[in-house]
Amino acid sequence: MATRIGVDIGGTFTDLLFYDDQTSDMLVAKVPTTPASPEQGCVQAVTDSVDGDQLRQTQYFLHGTTVGLNSLLERKGARVGLLATRGFRDILEIRRGDRDEMYNLFWQLPEPLVPRRLRLPVTGRVRSDGTVHIPFEKQDVLDALEIFALEGVNSIAVAFMNAYANPAHELAAESALREAGFSGEISLSHHISREYREYERTSTTVIDAFVRGRMSNYLRRLEADLRGAGFKGDCLITRSGSGSMTFSEAEDRPFETIMSGPVAGAEGGGELSRQLGLGDLITADVGGTSFDTCVITRGRPTLLFEGKIVGMPLQTPWVDVRSIGAGGGSIAQVDVGGLLRVGPESGGADPGPACYGKGGENACMTDAAFYLGMLGEGKLASGLQLDLALAEKALQPLAGKLGYGMDETAIGIMDIASASMADAIREITVEQGIDPRKLKLLAFGGAGPLMGTLLARDLDITGIVIPPHAGNFSAWGLLGADLTRATARTRIMRLDDDGLANVNDILAEMYSDLAARAGSSGDGGEWAREAGLDMRYKGQEHTLSINVPGDNGRVTISTEQVREIFTRDYDRTFGNTMDEPVEIVSIRATVRHALPRRSEGLSALNGSDGTHTIREAYSFTEKKRMDFRILDRSSMQAGDTLAGPAIINEPTATTYLDANWACEVHGSGCLFISRH
Amino acid sequence: MADVDSITVEVIHNYLLSAAREMNRNLMRTAYSTLIYEVHDFGLGLYDRECRLLAEAPGLAVFTRSNDYGLNKMVEFLGYDNIHPGDVILLNYPYWSSTHTLDVMAASPIFHKDELVGFTAVKEHWLDLGQKDPGYCLDTIDLAQEGLVFPCSKIYSKGILNKELEQLIRFNSRMPDRVIGDMNAQISACRTGERRVQELVEKFGVETYAEAVKKMLDHGERLARKRLAELPDGTWTAEDYVDDDGVVRDRKMRLQATVTIAGDEMTIDWTGSDDKCKGPMNVPIGTTEGVCALVFKSITTPDTPANEGNFRPLKVIAPEGCIMNAQPPSPTFTLWTALIAPEVVTKALAKGMPDSIPACSGGDIFSLMGIGTHPDTGKLWIESTNEGIGFGGHSADDGESGIMHMTEPGCRNNPVEVLETKAPWLIENYGLRADSGGAGKHRGGLGITRTYRFLSDASALTLVKKTKTSPWGMADGEDGQAGAVVVRPGTEREQVTGAIYEEVSAGDVIINRSGGGGGWGNPLERDPSLVLDDVRNEFVSVAAAREKYGVIIDPETMAIDNMATDKLRTSMSSALN
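Line order of the protein sequences matches chains A and B.
So the first sequence is numbered by this note's numbering: it starts at 1 and just counts up by one.
So the second sequence is numbered by this note's numbering: it starts at 677 and just counts up by one.
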C-alpha cells in the first residue's frame, strides 16, 4: 500500500490524480499548463489540491511530461557539437533520402539539429566486425574542442562508425574531452544503442545531447520544488518504452523519456486490463487535437524498437502509440473537388471550436457534436457554456457548399472523424494479425467517451469500457507504472541448443549491466527479470520480437518450444510460415520492479441524486433525432444498468450512449458498454 | 446504382489508403534483400476490376504508374474467364509490365464471393532471373539476353502453389533462396490487400463499393482538371540527353518532349526523340506513360493521394519504334532513359511557368552495385544502394540536398554499417559535395559522394547515365555540377565516367558522386548573409562565393567585406548586361 500522486502535463492542461491506498481516497485536478516553465504549473497543481500532511506521507510522485518532446518540436535545447568518424560528418544531414510526400518537388527536410560547421571529424575507424582499421587520433578531438568552445557548444554528441560493434574510440574521445577540461554534457552513441544503422543511431545520440541539459534542469527544479513543499518519497518518470525510471536515471538517459506524455494512457490501459481481467484492449484517447491509439495484449502495451519525432528517428524502445490529427478541435472543410474533410488542422484550445465563443469561426468536430445534441447541455468542467448559435453559424457555410441540410453536414463530420480514427485502429491491429472485432475498446481523454459507440459501430466492436475520471485517465495510468530498465544486444546466431546456452550467458552479463546502471540511486527491493528474443527466418532482415517465458530471466524452455512460439507469432503477424531455419538476432533484457499494488480499480465520485432530464439528440443507430436521457455519472451506483439512448456527464468528459447500446456500472467504477 | 453520399466515398477512400500502407509494411517486414527493406525498390497499389488505380503506397513512383499498364495487359492476355479466386499472377514481359525483366509484378484478383471486385499489384526488384550478367545488364542487345520471362504466369492457381513454376524460377536464378524469399514477401503483400478489400466490400456491399469508387475517381479527375485550368495555356518543347545506350558508347541519345496545355487537358508528345537504340535503353510505352503521369501528378495534384481519375486529362504520344515506345524484341534492360525523361518534361514546362517548376535535379538515381563471391561463405553476394542528389532551386527557396530522385521518392540509401556487414568492402567516406549545387538566388541542392574500397575481387557496377550534360539552372541561375563515377582514383588506370560494369581487385577504389541541382535566379541577387552561411558550413567555398555570387568573405574572420562585395557585384552585373 502506498500513497501516490500522478501528474500528466499535456499541451493544454496539466492533469493531477492523487490516490491514497489506505483510504482509497482519490482526488482529481486539472489546471492550465504553463508552457514557459511547466514545473510551476505542476507544483501549483500539487500544492493546491493536496494538503501538506498528505504530501509528506506520499510515497511516489509519478510524472508524464512533454518537456523532452516539446524541446524537439520547438527546437529549444542545447547547442550541440557532433564528433563523427573522419569522412562521415554528413551522416546526420544525408539521412535516408526518402520523403513523406511522393509528388512534392519542393520537399524540404527540417534542418539537422547540428549544423555542418559543428560536425567535426575524428580520425579512427572500426570495421563492422569490431576490429580497428585506423587508430584513434586524440589530437582531432582537441582541435574540435577548440572550435566548439568558440561556438559556445555546451553538449557534445559522439557517434563513430561501427561503434555498436566496438566502442573503444568513443570512450577514448570521452576521456580526451574530459582531460582537456570540457565540463558540459557528453552523449556516446554506443551508450544509447548497440544496434547498427549509423544514421538512426547518430540521430538518437544527437537528440539525447540536445534535450539532456534542459531535461536535467527541469527534473532537478521540479524535484527541489516538490521537496520544498514537503514531499519525501521517490520521483519517477514514464519511459517512451513503457514502465518508469527514477529522475536521476532519466537525467542520464533523457532520450528514453521523449514520449513520456502520450505513453501514460497506454500504461493505464495495460494496468486496467490486468486488474480487471479485461483481456486484450484497444485504447482510444481523444483529446483536442489528436487521437492516440494503442493495442494492449496480455496486459501490456505493444512495444516497437524504433520511434520517430518530426522526421528524426530514435533507436530506442517505443510504446506503439499511433497518433492522427483528429480530435474535438479538428477543423471541417470542403475541398476544391467538393468533398468534406475533417482535420488534420485544428483550432486547438484557443480559439478552439466556434461554440467556445472565443472567436473561432471554423466548424470543428466539437461544433458538430454539440449541434447534434451529443454533448447534452454543453456545460464544460471549466464552467464554459457552449454556444449553439455559434456552432450553427460555423456549420452553415459547409452545408451550403455541400448542398446538404445542417444535420446531414454535422453527421458527416462525425462520420468522417470516426472513420479516420477507426482506420488508424484497424491499421495498428490488423498489421499485427489482430482482429479488432474481438477486442474491447477503452475510450478516454476529453472526447473519447463521446466517440466510443461511433467507433465501435465502425469497427464492429461489441464492448466498450469507460474508466472513471475518463478525462484524467492518463494521469491515473501514471500511478501504476512499474520501474523498468531495458537493454538489447545484437548477436546473430542459429536457434539451436548451443545458441540458447549462449543466450543465457549473454543475458547474465546484461542483467549485471542493468544492475550497474542503477548506480547510487539505490532503488532496492525485488526486481523481476524478463527476457525477449528478436528472431527471423535465416536470410531475412527484419525480426519479430517474442517474449520467452523463463525462470528469473534465464531461458529454460527447449529449442523446439522457442521455435514454436516464433512460428505462432509469425503466422499471426504475416499470415504464413516457412520451413527455413530460424535465427536469433538480438537479445533483450528487462528488469521490472513493481510499485506496491494499489487496491483494485478506481473509485467513482460519490454524490447521487438519481435525477435525469430528457433532451433531444441525434442517434446514429436510429438515424434520427430522438429523446436522450441526460444524467450525471456520479448518480450511478455499482451494478446499475442503463439502456441507451443516454448522455452521461462527468466533470472531465461526456459519454454518448447511442440507442441499442446499454451500460452497466462495474464495481471498479468503469462503465461497461455493450450492444443490446 | 446505389446512391452513395460523399461521406461514404471519403470513408472508403481512406480505408483503401490504409490497406495499401499495410501491404507496404508487410512486404518490407518479410523481405530477404536489402534492396527491398532498406532501399524500398518496389511499387504497389490497389485497383478496381477495370484495372483503375484506387490507392498506392510510397516506393518507386515510376513502378506504380507502370503497374497500371501492366495490369491492363494481364487482363487482356488472360481474359477475365481465366482469372480465379486465389490466383497470383507474375508478369515481367517488359513491353507489358513496363519495366525491365528483373522488376516482376505480382498481381492477384480480389473476389467478393464469386464476383471479381478488383486487383492488387505489387512490383519489386528480383535479384536474379538468369539474365546474361549477374546483378544487372548494361549492354544487352535483345530480350533473349535479359533472363527468364513470365508472360502472366500463375505462381498460385486457385490458391494452390504452382510448384513447377517455383522450381523453374529456382533453377533459372543465380540466387534462388533470396529470390524465392522475396517473392513470398511479395505474395504476402498481395494477400494482405485482398483481405482488406474483401472486408471493405463485405461491409458496404458490392454496389455501394463500386459506386463509391466511381465517385472517388471522378473526384480525382475534378481536382486535376481544376488545377490544369489555372495553369497557362501554351506549347513548349525541350530536349535533354542520356549519356549513351550502353552498346554504342560514343553517342548521346536525344530525348525531346513537347508539352501542350489547352484548357483542362495536357498532352505530352515525344516525337523528335531518337529512334530505337541498339543497347538496352529503349522504353516500353507503359513506362513512358508512367513517367508522364508522374510529372503530371506532381504539378497538378501533388498534395492528394494518386488515383486513376487524376490522370484522365493527360494524353501521351510516342511514335512506335522511337526510343520512348520500344517494340519486341528491343532490349530494355537498363531503362535509365525513363529516369532522365521526367525532367525533359519539366524543362519544357519551365518555359511556360518559371515560377512553378524547380530547376533540374542532379539525377538520375546513382545506383552502385557490388557483385562477387564472399570470401567467408563462398557464396555469391550482391549488394547495392541508390544515392540522393541535389534538387533544383525554385522560385521560393533553395533546392534540398541529398534526397532521392523524383522517380523514387519512397526509396532510401543503404546504410554504411549495413553494407559493410553484408559485403566485403569498406566505405571510406560518405558526405555532401561542396560547390556542387548550381549558383542562384536560390541555390541548387548538393550532391553526395561515397567512396568504396573493395576488400576482395568482385565486379563493380554503376548505373549512372546523366554525366555528359549538366543539371540545368533556371531564370538566370547556373547549372549544377553533374555527377560522375571515378574508377581507381589516383592510379594509372583512373577513369572518370558514368555507367560501368567491370572487374575490380582487392584494394581497388570506386567513388560515386551524385549531381547537384541547378540554381534558380541570378546568383548576384542572393542575400549575402545566406552566402556567408553556406561558406561557414562549407556548402560553398570562399572562392565560389567570390566568383559565382560576387560576395567577398575573409577566410580568417569569416566576415563579409561589404564594400568590396557591392563593388564586385556592380561590376559583375554590368558585365552581364
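Note that beta-carbon positions come from the ideal geometry of N, C-alpha and C, so glycine has one too.
Would residue i be called buried (16 or more neighbouring beta carbons within 10 Å of its own) or exposed?
i	result
Tyr-1106(B)	buried
Ile-836(B)	exposed
Gly-471(A)	buried
Lys-1142(B)	buried
Phe-574(A)	buried
Ala-144(A)	buried
Leu-478(A)	buried
Phe-718(B)	buried
Lys-749(B)	buried
Pro-112(A)	buried
Ser-1250(B)	exposed
Gly-130(A)	exposed
Lys-1098(B)	buried
Leu-1139(B)	buried
Phe-1042(B)	buried
Asp-1073(B)	exposed
Ile-464(A)	buried
Nearest to residue i by CA position, among the options, is which residue?
i	options	result
Phe-987(B)	Val-685(B), Asp-744(B), Ala-695(B)	Asp-744(B)
Pro-971(B)	Leu-904(B), Gly-997(B), Asp-919(B)	The residue asked about is misnamed: residue 971(B) is Val in this sequence, not Pro. When each option's Cα is compared against that of Val-971(B), the closest is Leu-904(B).
Leu-384(A)	Asn-362(A), Ala-394(A), Tyr-356(A)	Tyr-356(A)
Pro-353(A)	Phe-136(A), Leu-339(A), Gly-152(A), Tyr-371(A)	Tyr-371(A)
Gly-1194(B)	Thr-1083(B), Arg-1088(B), Ser-1071(B), Gly-1166(B)	Ser-1071(B)
Leu-684(A)	Thr-487(A), Val-43(A), Leu-478(A), Pro-167(A)	The structure shown has nothing for residue 684(A), since chain A only spans 1 to 676.
Asp-280(A)	Asp-20(A), Thr-611(A), Gly-270(A), Gly-288(A)	Gly-270(A)
Glu-1201(B)	Met-1248(B), Gly-1159(B), Val-1218(B), Val-798(B)	Met-1248(B)
Ala-720(B)	Val-780(B), Leu-1044(B), Gly-1197(B), Ser-1205(B)	Just to set this straight, residue 720(B) is Leu in the shown sequence, not Ala. Checked all of Val-780(B), Leu-1044(B), Gly-1197(B), Ser-1205(B); the closest Cα to Leu-720(B) is Val-780(B).
Lys-830(B)	Gly-823(B), Asn-838(B), Leu-824(B)	Asn-838(B)
Arg-1304(B)	Thr-1173(B), Ala-1158(B), Ile-856(B), Arg-701(B)	No answer is possible for residue 1304(B): it lies beyond the span of chain B, which begins at 677 and ends at 1253.
Glu-580(A)	Gly-857(B), Asn-768(B), Gly-811(B), Lys-808(B)	Gly-857(B)
Residues of chain B with a CB under 9 Å from the CB of residue i: which are they?
i	result
Leu-82(A)	The contacting residues do not exist; Leu-82(A) stays about 13 Å from chain B at best.
His-133(A)	Leu-1102
Kindly list, in the order they appear in chain B, the residues whose Cβ is closer than 8 Å to that of residue i.
i	result
Val-430(A)	Glu-698, Arg-872
Tyr-196(A)	Pro-1091, Glu-1093, Val-1094, Thr-1097
Arg-89(A)	Gly-1107
Gln-540(A)	Thr-706, Ala-707, Tyr-708, Gly-857
By the criterion of Cβ-Cβ separation under 7 Å, what are the contact partners of residue i in chain B?
i	result
Phe-305(A)	In chain order: nothing, as chain B lies at least about 13 Å away.
Gln-333(A)	Ordered by position in chain B, no residue passes the 7 Å Cβ test against Gln-333(A), which lies about 12 Å from the chain.
Arg-426(A)	Ser-694
Going along chain A in order, which residues have a C-beta closer than 8 Å to the C-beta of residue i?
i	result
Pro-770(B)	Those do not exist, as Pro-770(B) stays about 24 Å from chain A at its closest Cβ, beyond 8 Å.
Pro-1034(B)	Leu-105, Phe-106
So which residues on chain A does residue i lean against when the C-beta distance must stay under 7 Å?
i	result
Gly-835(B)	Here the premise fails: no neighbours, minimum Cβ distance about 13 Å.
Arg-1129(B)	Result: empty, since nearest Cβ-Cβ is about 10 Å, beyond 7 Å.
Met-1082(B)	Leu-105
Measuring only from the beta carbon, is residue i closer than 7 Å to any heavy atom that is part of the ligand PLP?
i	result
Ala-933(B)	Although the ligand PLP was asked about, the structure shown includes no ligands whatsoever.
(request) Could you tell me whether the segment 918-935 of chain B touches the segment 973-990 of chain B, where touching means 3 or more Cβ pairs closer than 8 Å? (result) At 8 Å Cβ cutoff, the stretches do not touch.
(request) Count the C-beta pairs between the segment 662-669 of chain A and the segment 684-692 of chain B that are closer than 8 Å, then say yes if the count reaches three, no if not. (result) Fewer than three beta-carbon pairs drawn from the segment 662-669 of chain A and the segment 684-692 of chain B are found closer than 8 Å, and the two stretches are therefore not classed as touching.
(message) Across the segment 1100-1118 of chain B and the segment 69-83 of chain A, are there enough close Cβ pairs to call them in contact, namely three or more that are closer than 8 Å?
(response) By the criterion of at least three beta-carbon pairs nearer than 8 Å, the segment 1100-1118 of chain B is not in contact with the segment 69-83 of chain A.
(message) Extract the residue ranges of the beta strand (DSSP E) inside the segment 1088-1155 of chain B, only unbroken runs of 3 or more that lie entirely within it.
(response) With a minimum length of 3 residues, the continuous beta strand (DSSP E) runs that stay inside the segment 1088-1155 of chain B are 1101-1108, 1124-1130, 1134-1139.
(request) Specify whether the segment 942-958 of chain B and the segment 986-1005 of chain B touch according to this definition: at least 3 beta carbon pairs, one from each stretch, less than 8 Å apart. (result) Using a C-beta cut-off of 8 Å, the segment 942-958 of chain B makes contact with the segment 986-1005 of chain B, since at least three inter-stretch Cβ pairs fall below that distance.
(request) At 3 residues or longer, and completely inside the segment 494-557 of chain A: list those beta strand (DSSP E) runs for me, N to C. (result) DSSP runs (the beta strand (DSSP E)) wholly in the segment 494-557 of chain A: 528-537, 544-548.
(message) My parser needs the alpha helix (DSSP H) runs of 4 or more residues fully inside the segment 834-867 of chain B; what are they?
(response) If only uninterrupted alpha helix (DSSP H) runs of at least 4 residues are considered, those enclosed by the segment 834-867 of chain B are 839-848.
(message) Using a Cβ distance threshold of 8 Å, determine whether the segment 1224-1240 of chain B contacts the segment 1130-1145 of chain B, with at least three qualifying pairs required.
(response) No, because fewer than three Cβ pairs between the segment 1224-1240 of chain B and the segment 1130-1145 of chain B fall closer than 8 Å, the two stretches do not touch.
(request) Can you check the segment 126-182 of chain A for any alpha helix (DSSP H) of at least 4 residues that lies completely inside it and give the ranges in chain order? (result) For secondary structure counted as the alpha helix (DSSP H) over 4 or more consecutive residues, the segment 126-182 of chain A holds these complete runs in sequence order: 138-150, 168-179.
(request) Entirely within the segment 235-273 of chain A and at least 4 residues each: give me those alpha helix (DSSP H) ranges in chain order. (result) The qualifying runs are 247-252.
(message) What ranges does the beta strand (DSSP E) occupy inside the segment 911-974 of chain B, keeping only unbroken runs of at least 3 residues that lie completely in it?
(response) For the segment 911-974 of chain B, whole beta strand (DSSP E) runs of length 3 or above, ordered along the chain, are 929-938, 941-945.
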